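**Q** Heads up: the first sequence is residues 13 to 150, going by the numbering used here. The C-beta atom is built at its ideal place from N, Cα and C for all residues, glycine as well. No experiment lies behind these values; they were computed from the predicted model shown. One structure is given below, represented as structure tokens, and several questions about it will come after.
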Amino acid sequence: MAMLAARAAGKGNGIRRLFSSFPFPSSQPATTPPPPAEPSTNLFISGLNKRTTSEGLEKAFSEFGQVVHARVVTDRVSGYSKGFGFVRYATIEEAAEGIKGMDGKFLEGWVIFAEYARPRSLPPHSSQAKGSSPSGFP
DNA sequence: TGTGAGCGT
Numbered sequence: 013m014a015m016l017a018a019r020a021a022g023k024g025n026g027i028r029r030l031f032s033s034f035p036f037p038s039s040q041p042a043t044t045p046p047p048p049a050e051p052s053t054n055l056f057i058s059g060l061n062k063r064t065t066s067e068g069l070e071k072a073f074s075e076f077g078q079v080v081h082a083r084v085v086t087d088r089v090s091g092y093s094k095g096f097g098f099v100r101y102a103t104i105e106e107a108a109e110g111i112k113g114m115d116g117k118f119l120e121g122w123v124i125f126a127e128y129a130r131p132r133s134l135p136p137h138s139s140q141a142k143g144s145s146p147s148g149f150p
């Protein structure tokens, strides 16, 4: 339980920024922009308990809005949870309430972090919905 | 055992 304090102090993606000010010559041109992700109805939930399931996610986040879909990412071959998941609300307002209501809170005994999910893939400039799957997953 | 800092089948 001592790790919970370190997690709470880090607060998501703030830990890796501690190394961005390292006194190095002029190697890294200050790359790695810190995009907090643009607001959307899709949320990225991290810090989940390995035993937390998709319905557990949906049940917890449904208290702050209408959850359209919730999923805990699991390994395809092992079936074990990867410790994070995604929750999609009906509206962006509900997504914001979900973040404010669940970010840094406990779920299944673990402190979780809720933030806006990044787009899964960049818009490929133009897409021909034809032939093979546009999702890239057969 | 899936104790990790993670953006998906």
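With respect to the beta strand (DSSP E) encompassing residue 96, which residues constitute its N-terminal and C-terminal limits?
**A** 93-101
**Q** Quick check on residue 118: buried or exposed, where buried means 16 or more other Cβ atoms within 10 Å of its Cβ?
**A** exposed
**Q** Should residue 106 be labelled buried (16 or more other beta-carbon atoms within 10 Å of its own) or exposed?
**A** buried
**Q** Can the beta-carbon of residue 74 be found closer than 9 Å to that of residue 125?
**A** no
**Q** If you measure between the beta carbons of residue 63 and residue 120, is that distance less than 9 Å?
**A** In this structure, residue 120 lies closer than 9 Å to residue 63 by Cβ.
**Q** When the distance is taken between beta carbons, is residue 102 closer than 9 Å to residue 80?
**A** Yes; because the gap between Cβ atoms is below 9 Å, this pair is in contact.
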